[in-house]
Every structure is written in C-alpha cells, then in structure tokens.
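The block underneath contains the structure these notes are about, expressed in structure tokens.
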Amino acid sequence: MDLDTERTIRLEVGRARRGTTRTDDEADARPARLLLRLDDGRDLPLDRALKIGCAPDNDLVLDDPYVSGWHCVVTRESGRFLVVDCGSRNGTFLGGVRVGSGELTPGARLTVGRTAMRVVADGARPRDLGLLGDSATMRRLRQRIATVAPTRATVLVLGESGTGKELAARALHDESRRAGAFVVVNCGAISPELVESELFGHERGAFTGAVARRRGVFEEADGGTLFLDEIGELPPSLQPKLLRVLESGMVRAVGAAGERKVDVRVVCATHRDLEQQVAKGGFRLDLFHRLSTVTIEIPPLRERRDDIALLADHFLDQVADEAGRKALSPAAREALAGYRWPGNVRELRNAIHRAAIFGGAILRPEDLFAQVARAAIDSGRVAIDGRRLDEIERDVIAVALRRHKGNRRAAAHLLGVPKSTFCDKVRRYQLAAE
C-alpha cells in the first residue's frame, strides 16, 4: 500500500470519527467482540486492523475480479469499528449504499465487489427484543415496548397478519421480569362452547366430558403474562366475564362455587378494527377501553423496507444447517425490496426458506418468486395465507417488470411463462404504465 493511500485512509478515519458520536450508555450496550462473517461461512474476528483486497498482502484476500488490490480497511477507533474505502475501482458498500467510510455495527451488511459479508456478535446479539430491524420505526417500537414492559398496564397489540404481534407480546413479557409463564391463547382457534373453560378452567362434572378439574389459562399464567391473540374473535357472551377478571383479578372456573385470585398481566392482539366492531355492537366499549390502556402498533413490512435485507439474511441463517449457507444476489435483494409483502414478515420468511431449500448457493429473483407466480398463473382464484393468488400474481409481475426495466419479454422469461400470457396479465392488472 503506497503512502498516498495510507494518508487518505487516515483522513477518512478522522472524518468518520468526528462524524459519529455515541453516548456512554450506547457504548456499554455494544457487544465486546464482533465477527465479520462471509457468505461462505468464514468468520474473521474484528479485534485489530483488517486490510481487504485481492492483493496477497491483505489480511482478507478475496478471489473476486471486482475487488481492487487494496480495496478497503477495517479499523478500530475508541471501541468502534470503521470500514474505510481505499479508493477502490468498484466501491465499498454498507447496507447497499456506497461509502467512503462508515461504522460497522451488529447486523450491518458489507459488500466488497461481489463478496458480501455481515457483522455479527460473537456469543451475544444486539438488544433487539426479538424484533429485528434497524429502521427508525422499529427502533421506536422497541423503545415503546421497553418503556411499557415493567408496568402492569394491559396492552393491545395491533397490526396486520404476519407482522409479529406475538413476538411483541413475548418481548413485553421478557422485559417485564415477571417470574411466571408466558401463555398464549388464540381466541379464534377455540370452539365457542369451550372458550370459557379454556380461559377460566372447569371443575369435575361441570359439563359432559369434564371428568377432572382443569386449570384455565389465567391460572396457568399466574405470576406471568397471558397473551390473548385474535381478541376480536372472543364471543360476546364472554366479554363481560373477561372484563370482570381484568377489573377484579378473580377467576371463577366453570362449575366452581368460589373464585381464585390470580396475578396476570394481559396482552391482547388483533388484526381487526376493534373500534369498528364496537360501533357495530360486536365488541363491548368498556372492554375495549380496558384492553387498550396502552396500544402498540406493529408496522407492516412495506413501511419498513430498509429492514427487508436484514430480515432476509436472518432467515437464511435459520435454515443454513439444513439447506447449506446461501446468499442473495444483488438482483434478488432488489426484487425483495420492490415487492409489497402483503403477508408481511411471515411471507418473507416462507419465501426465503423455500428459496434456500430449492435454490442454488446464490439465490436469484426467480428462486424467490417464480414458484408463487406460476401457481398464480395456473390457479388465479385460489387463496394462500388468506390472500388471493391473483393479488400475489400482480405483485410478482410488477417486480419482474421493474427488474427488467419494463422489458416484457425478459420479465416473462424470468417467470417462465409465454410472452403473450404475460402481456395479457399486464393489461389485466393495468401495469403498462408502471
């Protein structure tokens, strides 16, 4: 490395050091040891200066024709790790953005040429409360959960299907430091005749088939947290009984002569508009007010697109043991960012897991979307995960068009369908102008 390059690096490090400052609390929260994990599975500890390039005297030598001889360096300054570009031909990218210098934090994605790597914590993970995402929206969500969790307030979690409402409820429990269990009940999955017994328990002989006393979920969650998912499905006849338990902390089992005291923190969730149900008479107003002491709203994935790449990499890590370590091509990342994800994080996870199982070492857009698109073209009115496949089909066709800058022939080839069929679909969904 020549003197001019070294002088440039020192200047960039100085600018990066002056440009970002952190409080002592934030510095203390940083894991002590970080690793740079390549997509081929190699880990490099970030415990010293690290030179990256294709020249043999680098600490990390990359066999990549798009990497310069001395491409970039990683330095440690005041406990922070900085990557500094060395005037490379094709640039250094952090989180998909070309940078002269930038800070490496847990979860950050570093791309050098065609080689991608990620910063991970060794033996620790960032304080994400199980809710991944670096977007401002997710940071505010985690802060709200951390603030509310230590209180006894009843919480209503709102959000579309697949956004992670149960994860938010679990984070509220974990951060509350309550010693009891975290118990989950889906109110929409229980027979209306058995909901009361499920919630409050029953005594032996209370009804046909009650051959023994059974504790309800309120008793099971005593000292902990009870998560009532899909609370909007609770039968109207049980709503006043739930309200009484919330107000008094006393539970009466079906067929019991007396009541039992319970100490339960209740968290509820729904994707329905409860205020609209109240207006129509399907949900009690007083119960709604009692449940919504604090409201937490989980944003849909389309409103936090900056988190999609991080989540996708996380889901790839989840299946690495069974499917092998896979990486997303730049085109696949572009396709992921351009899709609307009406099924939210759940749909993204399923798409990544499916692509990891059936795709090659480098996943392409067609590995992620073609299977869904072909099914949609063949079965346009069949529902999957509560959505019509014609809705999925429209989204996938739009992604294919954007990927190929409006070239219909190339987009049809990507999805494996005849151009005439593809053009018919474009006209049907009025995508010609997109």
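Residues in the sequence shown are numbered from -18 upward in steps of one, following our numbering.
For every residue, glycine included, the Cβ atom is placed at its ideal position computed from N, Cα and C.
- The segment 151 to 168 and the segment 209 to 218 touch, with no fewer than 3 CB-CB distances between them shorter than 8 Å.
- Straight-line measurement puts the Cα of serine 59 at about 43 Å from the Cα of serine 142.
- The secondary-structure analysis by DSSP pairs methionine 98 across a beta bridge with Leu19 and Leu91.
- Here the segment 176 to 186 lies against the segment 215 to 235, with 3 or more beta-carbon pairs under 8 Å apart.
- Positions of the beta strand (DSSP E) runs, each at least 3 residues long and wholly inside the segment 111 to 139, are given as 136 to 139 in order along the chain.
- For the pair of segments examined, the segment 240 to 247 was found to touch the segment 193 to 204: the number of CB pairs separated by less than 8 Å reaches three.
- In the three-state DSSP reduction, isoleucine 171 falls in the coil class, being neither helix nor strand.
- One thing to note: valine 65 has its Cβ within 7 Å of the Cβ of serine 82.
- If the five residues before and after phenylalanine 269 are omitted, its C-beta is found closer than 6 Å to the C-beta atoms of Leu255 and Val259, all from its own chain and listed in chain order.
- Shown here, valine 226 sits in a helix according to DSSP, grouped into three states.
- Non-local beta-carbon contacts of arginine 159 in its own chain, meaning distances under 8 Å to residues more than five positions away in sequence, involve Gly204, Gly205, Thr206 and Arg246 in chain order.
- Straight through space, the alpha carbons of arginine 196 and alanine 117 are spaced by roughly 42 Å.
- Annotation for phenylalanine 350: Val377 place their beta carbon closer than 6 Å to its own, counting only its chain and skipping 5 residues before and after.
- With fewer than 16 other Cβ atoms inside 10 Å of its own Cβ, leucine 266 counts as exposed.
- Remark: C-beta atoms of valine 100 and leucine 85 approach each other more closely than 7 Å.
- Where glycine 34 is concerned, the enclosing beta strand (DSSP E) starts and stops at 31 to 34.
- Counting along the chain, the unbroken alpha helix (DSSP H) around alanine 301 starts and ends at 301 to 304.
- In the structure shown, histidine 183 falls within a strand segment according to DSSP collapsed to helix, strand and coil.
- Across the set Thr276, Val275 and Thr251, the C-alpha of Thr251 shows the shortest separation from the C-alpha of phenylalanine 264.
- With a cutoff of 7 Å on beta-carbon distance, alanine 170 and histidine 183 are scored as not near each other.
- Cβ contact annotation for arginine 314 (same chain, cutoff 6 Å, sequence separation greater than five): Ala290, in chain order.
- In the three-state reduction of the DSSP assignment, aspartate 348 falls in the helix class, which pools H, G and I.
- With contacts defined by Cβ atoms closer than 7 Å, arginine 283 and arginine 321 form a contacting pair.
- Serine 157 has no beta-bridge partner at all, per DSSP.
- Annotation for threonine 402: the continuous alpha helix (DSSP H) segment containing it runs 400 to 409.
- Exposed is the label assigned to glutamate 303, since fewer than 16 other Cβ atoms lie within 10 Å of its Cβ.
- A buried status is given to phenylalanine 62, since no fewer than 16 other beta-carbon atoms sit within 10 Å of its beta-carbon.
- Bridge partners of glycine 83 according to DSSP: Val64.
- In this structure glutamate 174 is exposed. Its beta-carbon is surrounded by fewer than 16 other beta-carbon atoms within 10 angstroms.
- Straight across, the Cα-Cα distance linking valine 129 with glutamate 147 is about 16 Å.
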